[in-house]
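Visitor: Residue numbers (the working numbering): 834 to 1032.
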Amino acid sequence: MEHARPRLSRRRILQGTALAVVPYALLPERPTGAHVPGPDYALAEWQPANAANYTVANRPTSHPVDQVIIHVTQATYPNSVFVFKNPKKQVSAHYVVRSADGHTSQCVREADIAWHAGDWDHNLRSIGIEHEGWVDEPFYFTDVMYETSARLTAAICARYGIPKDRAHIIGHYEVPGTDHTDPGPHWDWTRYIRLVNAV
Ligand SMILES: [Zn+2]
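(1) Find the nearest neighbour of Asp945 within the set Glu965, Ser895, Val968 and Ile989, judged by alpha-carbon distance.
(2) At a threshold of 6 angstroms, does His904 count as lining ligand 1 (C-beta to nearest heavy atom)?
(3) Span of the beta strand (DSSP E) holding His949?
(4) Does the separation of the CB atoms of Tyr973 and Ser932 fall below 7 angstroms?
(5) Cα separation between Val889 and Gly961?
(6) Can you tell me whether DSSP reads Tyr887 as helix, strand or coil?
(7) Of all the options Glu878, Val1029 and Ala885, which has the alpha carbon lying nearest to the alpha carbon of Ala947?
(8) Determine the contact status of Gln900 and Ser959, defining contact as a CB-CB distance below 7 angstroms.
(9) Answer with buried or exposed for Asp934, where buried requires no fewer than 16 other C-beta atoms within 10 angstroms of its C-beta.
(10) His1005 to Gly871, Cα distance in whole Å?
(11) Give me the Cα-Cα distance between Ser982 and Gln880, rounded to the nearest whole angstrom.
(12) Thinking C-beta only, is Ala926 closer than 7 angstroms to Val1008?
(13) From what residue to what residue does the beta strand (DSSP E) around Glu963 run?
(14) Got a sec, what are the start and stop residues for the beta strand (DSSP E) Ile903 sits in?
(15) Restricting to runs no shorter than 4 residues, where is the alpha helix (DSSP H) found entirely within the stretch 958-1007?
(16) Ligand 1 and His779: does any heavy atom of the ligand fall closer than 6 angstroms to the residue's C-beta?
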């Protein structure tokens, strides 16, 4: 599978060697559904999950995408990215956003089905974004994390025509049958939805 052994593309070479001098804005976003190694979101670092931790698909052709699911990691940012690379963990998300500076990694292509919602129907239809922090430690929810995540969600909504509202941008706790509480009571939904719509 391409995802297991991505070829070294010009884009990866650029990202690997010349990131400091190539403005992110000059790196184009990839067309939806194209199975090419690298992130769908130009601002994200490509940190691929192990291929055992997600399902290869061809969304939105194979399955429509109409939700963004917001998570909190309950782990550090590096540990979360590391967990997704461990084939024994059987878990992944499309993106992980770091608390301190909003740095974002993409771990699963949007065309593929990440295993984040704990519910197959919701995995099929959604993009999952993890945010570094703990549900009961609100100081992890920094201004820069809200802002960078909101820009990411806005880009996803634009790509798939997803309405930028709470019916389509939901918390993990809102997935039927889940016992997860993230992003928890300290996540400021009003602010987040306002930021997504302000992009
Ligand atoms: Zn979650």
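Note that the Cβ used here is the ideal one computed from N, Cα and C, for glycine as well.
Guide: This is what the structure holds:
(1) Ser895
(2) yes
(3) No beta strand (DSSP E) contains His949, which DSSP labels as neither H nor E.
(4) yes
(5) 15 angstroms
(6) strand
(7) Ala885
(8) yes
(9) exposed
(10) 26 angstroms
(11) 17 angstroms
(12) no
(13) Ser959 to His964
(14) Gln900 to Val905
(15) 976-993
(16) With the chain represented from 834 up to 1032, any question about residue 779 goes unanswered, as that position is not in the structure.
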